[in-house]
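Working notes, structure below.
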Amino acid sequence: MSVVAIDPEGSWIEPEDGYLRRIAKAMEPLVLGVSHGESTEAVVKPAVGQKHFELVKVLLCRWLKREGAIPIGRLGEQAGCTYPTASRTLRQLERARSIIRHSNRSVELSRFPQQTWNELVALSGRMRRSLRYVDVSGERPDPQGLLKRLNRLKPPRVALSGVEAARFWHLDFDLHGTPRLDLVLHAPQGRIDLTFMRQLDPALKQTENDSQPALVVVHPLLRPAPLFGSQDSNSLPCADPVETALDLYELGLTVQAGRLLTHLRPETRLP
4 MSVVAIDPEG
14 SWIEPEDGYL
24 RRIAKAMEPL
34 VLGVSHGEST
44 EAVVKPAVGQ
54 KHFELVKVLL
64 CRWLKREGAI
74 PIGRLGEQAG
84 CTYPTASRTL
94 RQLERARSII
104 RHSNRSVELS
114 RFPQQTWNEL
124 VALSGRMRRS
134 LRYVDVSGER
144 PDPQGLLKRL
154 NRLKPPRVAL
164 SGVEAARFWH
174 LDFDLHGTPR
184 LDLVLHAPQG
194 RIDLTFMRQL
204 DPALKQTEND
214 SQPALVVVHP
224 LLRPAPLFGS
234 QDSNSLPCAD
244 PVETALDLYE
254 LGLTVQAGRL
264 LTHLRPETRL
274 P
């Protein structure tokens, strides 16, 4: 006789067997989803100065994708900032000679804003309030297996980012394997629902220990416009190229991040 017991602390199997372990793992979302009272919701508040950087990211995303000028009012709506905040940010970019103003009150970047980009990269960790998950099952990490499961789940308002999104924006993106799974969760009201993470794999537990290599990282995106890129109907959308590049920098893949940006706009100059 074989026994499989599941509770919030983990699974107990007798006798220990790989096949029974897989059965237990498949049952955990069903059992724990009913019995476990742990909250899967949280509130994320924007950091000081975040509205400024969201506006810059929207402009940079449009520049990388060659989408042209955007009315200032619409730009503020997409970034989630007021007109005075938008005006202050645009004046800063204007002083750096990085912006073009048009007669119809629309604006666009004139070039890659190197100094502002450096600030974005430096402040990315504080601005994005990312949630890190580690696998506590003791099994070998399998980012590709999680990716397949995630594409089957198709949670709403979630997009792939990091290495997987880089492969979407740059078909010849050069990196063997997937070191971790980066996800962007669109939460314009600041409320995030992480139920999908427990459905993805109950063995994934949130950690604040940066020394532990994360298997999955969720990046809340608080601005109103997600700017996701659409894939085929069998796959999740992808985060915009700016969020994607920031994830690559966070992974230490600075060369690959630079190649992604120069693939989209060859005139981009990075140190």
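Every letter in the sequence shown is one number past the one before it in my numbering, and letter 17, counting from 1, is 20.
From the three backbone atoms N, C-alpha and C, an ideal C-beta is built for every residue, glycine too.
* **Rounded C-alpha distance that separates S238 from L178** => To locate residue 238, count along the sequence shown from 1; it is residue 235. To locate residue 178, count along the sequence shown from 1; it is residue 175. The alpha-carbon atoms of S238 and L178 are separated by roughly 20 Å.
* Taking the Cβ atom as the reference point for each residue, do K48 and G83 lie within a distance shorter than 8 Å? -> Along the sequence shown, one-based indexing puts residue 48 at 45. Along the sequence shown, one-based indexing puts residue 83 at 80. Annotated as distal: K48 and G83, with beta-carbon spacing of 8 Å or more.
* **Counted within 10 angstroms of its Cβ, other Cβ atoms place L264 as buried (16 or more) or exposed** => Within the sequence shown, residue 264 is the residue found at index 261, counting from 1. Here L264 is buried: its Cβ has 16 or more other Cβ atoms, across all protein chains shown, within 10 Å.
* Would a C-beta distance cut-off of 8 Å place D243 and G232 closer than the cut-off? -> Taking the sequence shown and counting its residues from 1, one reaches residue 243 at position 240. Taking the sequence shown and counting its residues from 1, one reaches residue 232 at position 229. Yes, these two residues count as a Cβ contact at 8 Å.
* **Secondary structure, beta strand (DSSP E): runs of 3+ residues fully inside the region 81-155** => Secondary structure within the region 81-155: the beta strand (DSSP E) runs of 3 or more consecutive residues, fully enclosed, are 102-104, 109-112, 134-138 (chain order).
* When burial is assigned at 16 or more other CB atoms within 10 Å of the CB, is L174 buried or exposed? -> Position 171 of the sequence shown, counted from the first residue, corresponds to residue 174. Counting other Cβ atoms within 10 Å of its Cβ, L174 stays below 16 and is therefore classed as exposed.
* Asked: Considering only the beta carbon of each residue, do V137 and T210 sit closer than 8 Å?
  -> Here residue 137 refers to the residue found at position 134 of the sequence shown. Here residue 210 refers to the residue found at position 207 of the sequence shown. The answer is yes: Cβ separation under 8 Å.
* **The beta strand (DSSP E) enclosing T210, as first and last residue numbers** => One-based indexing of the sequence shown puts residue 210 at position 207. Run containing T210: 207-210, per the beta strand (DSSP E) assignment.
* Asked: By the 10 Å Cβ neighbour count, where 16 or more other Cβ atoms means buried, how is E3 classified, buried or exposed?
  -> Here the chain comprises residues numbered 4 to 274, so residue 3 is not present and cannot be evaluated.
* Using a Cβ-Cβ cut-off of 7 Å (strictly less than) and excluding sequence neighbours within five positions of K208, which residues of its own chain qualify? -> Sequence index remark: in the sequence shown, residue 208 carries index 205 (1-based). Scanning its chain for C-beta atoms nearer than 7 Å, with the 5 sequence neighbours on each side dropped, one finds around K208 the residues Y136, V137, V139, in chain order.
* Backbone CA spacing between L267 and W120 [nearest angstrom] -> Here residue 267 corresponds to residue number 264 of the sequence shown, with the count starting at 1. Here residue 120 corresponds to residue number 117 of the sequence shown, with the count starting at 1. The C-alpha of L267 lies about 16 Å from the C-alpha of W120.
* **Between the CA atoms of C241 and T181 - distance to the nearest angstrom** => Within the sequence shown, numbered from 1, the residue matching residue 181 stands at position 178. Within the sequence shown, numbered from 1, the residue matching residue 241 stands at position 238. One alpha carbon belongs to T181, the other to C241, and they sit about 15 Å apart.
* Can you tell me the Cα-Cα spacing of L78 and L273, whole angstroms? -> Along the sequence shown, read from residue 1 onward, the residue named residue 78 stands at position 75. Along the sequence shown, read from residue 1 onward, the residue named residue 273 stands at position 270. Rounded to whole angstroms, the separation of the alpha carbons of L273 and L78 is 26 Å.
* Pairwise C-alpha distance: S106 and D196 -> One-based indexing of the sequence shown puts residue 196 at position 193. One-based indexing of the sequence shown puts residue 106 at position 103. Computed Cα separation, rounded: 42 Å.
* **Secondary structure of H179, DSSP reduced to three states** => Residue numbering aside, residue 179 sits at position 176 when the sequence shown is read from its first letter. Coil.
* Asked: With respect to the beta strand (DSSP E) encompassing P223, which residues constitute its N-terminal and C-terminal limits?
  -> Within the sequence shown, numbered from 1, the residue matching residue 223 stands at position 220. Where P223 is concerned, the enclosing beta strand (DSSP E) starts and stops at 219-224.
* Asked: Is H173 helix, strand or coil by DSSP?
  -> Locating residue 173 in the sequence shown gives position 170, where the first residue counts as 1. In the displayed model, H173 falls within coil according to three-state DSSP, outside both helix and strand.
* Asked: On the three-state DSSP scale, how would you describe D250?
  -> On the sequence shown, position 247 is the one that residue 250 refers to. Secondary structure of D250 (DSSP, three-state): helix.
* Asked: Helix, strand or coil: how does DSSP classify A45 here?
  -> By one-based count along the sequence shown, residue 45 stands at place 42. The three-state reading of DSSP puts A45 in strand, counting E and B together.
* To do: Classify G36 as helix, strand or coil using the three-state DSSP reduction.
  => What you label residue 36 is simply residue 33 of the sequence shown in a count that begins at 1. Reliability of the predicted coordinates at G36 is poor, the pLDDT of 40 falling under 50, and no value is obtained from them.
* Asked: What's the call for K151, buried or exposed, on a 16-neighbour Cβ count within 10 Å?
  -> Within the sequence shown, residue 151 is the residue found at index 148, counting from 1. Exposed, by the Cβ-count rule.
* Please look up how many angstroms separate the CB atoms of R160 and V219, rounded, as I've assumed it's under 8 Å. => Numbered from its first residue, the sequence shown carries residue 160 at position 157. Numbered from its first residue, the sequence shown carries residue 219 at position 216. Their Cβ separation, rounded to whole angstroms, is 16 Å, which puts R160 and V219 out of contact at 8 Å.
* To do: To the nearest angstrom, report how far apart T257 and V124 are at their CA atoms.
  => Residue 257 sits at position 254 when you count from the first residue of the sequence shown. Residue 124 sits at position 121 when you count from the first residue of the sequence shown. Each residue's alpha carbon lies about 10 Å from the other.
* Have a look at R189 and S127 and give me their C-alpha separation to the nearest angstrom. => By 1-based counting over the sequence shown, the position of residue 189 is 186. By 1-based counting over the sequence shown, the position of residue 127 is 124. The amino acid at residue 189 is misidentified as Arg; the sequence shows His. Cα-Cα distance, rounded: 16 Å.
* **G52, DSSP secondary structure in three states** => Working through the sequence shown from its first residue, we reach residue 52 at position 49. Look at G52 here: in three-state DSSP terms it is coil, with no helix or strand label.
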